[in-house]
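Notes follow the structure.
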Amino acid sequence: MDKRKHLVRIPCAAHNIDIMLEEFSEIKIVKETLEEARLVSRFTYNHSKILFLFREHSKKKVIIRPVITRFATDYLAVDSIRESEYAIKRLFTCEEWLNDRLSKSSA
């Protein structure tokens, strides 16, 4: 940079946002909330029947969306779960879920 005085270093906004979100993730309540969201999304996406039922009850919504920053994925998953709260409640009270073997396990 010393040789080229006309060049200006501009920090990457996505990188800065990622760093801020990473620091927020260290707060205890935020960390716990993100972990619970990860559990819900992993459970849903690891069981195709549950994923099918979720999409059926949520009108084809998705929990995890691709984003530019690594930590934004977690926060968007929390937001998506919050938006789909009623669909998730309907899913876990529907007849198909209650008759499924997964509803009786602690998976």
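Numbering (our numbering), first residue to last: 1046 to 1152. Just so you know, even glycine gets a beta-carbon here, dropped at the ideal spot from N, CA and C. Note that the structure is a prediction, hence the values are computed from the model and not measured.
Q | Extent of the continuous alpha helix (DSSP H) run through V1163 | A | The structure shown does not extend to residue 1163, since the chain spans only 1046 to 1152, so no value can be given for it.
Q. Among P1056, F1099, E1068, R1049, which residue has its Cα nearest to the Cα of F1116?
A. Position 71 of the sequence shown, counted from the first residue, corresponds to residue 1116. For the residues P1056, F1099, E1068, R1049, the minimum Cα distance to F1116 belongs to E1068.
Q: Work out the CA separation of L1136 and F1099 for me, nearest whole Å.
A: On the sequence shown, position 54 is the one that residue 1099 refers to. On the sequence shown, position 91 is the one that residue 1136 refers to. Between F1099 and L1136, the C-alpha separation is close to 6 Å.
Q: Over the uninterrupted alpha helix (DSSP H) stretch that includes T1118, give me the two end residues.
A: The sequence position of residue 1118 within the sequence shown is 73, counting from 1. Annotation: the continuous alpha helix (DSSP H) that includes T1118 extends over 1115-1128.
Q. When the Cα atoms are used, what is the spatial distance from E1141 to S1103?
A. As a first step, residue 1141 must be located in the sequence shown, where it is residue number 96. As a first step, residue 1103 must be located in the sequence shown, where it is residue number 58. So the alpha carbons of these two residues sit roughly 15 Å apart.
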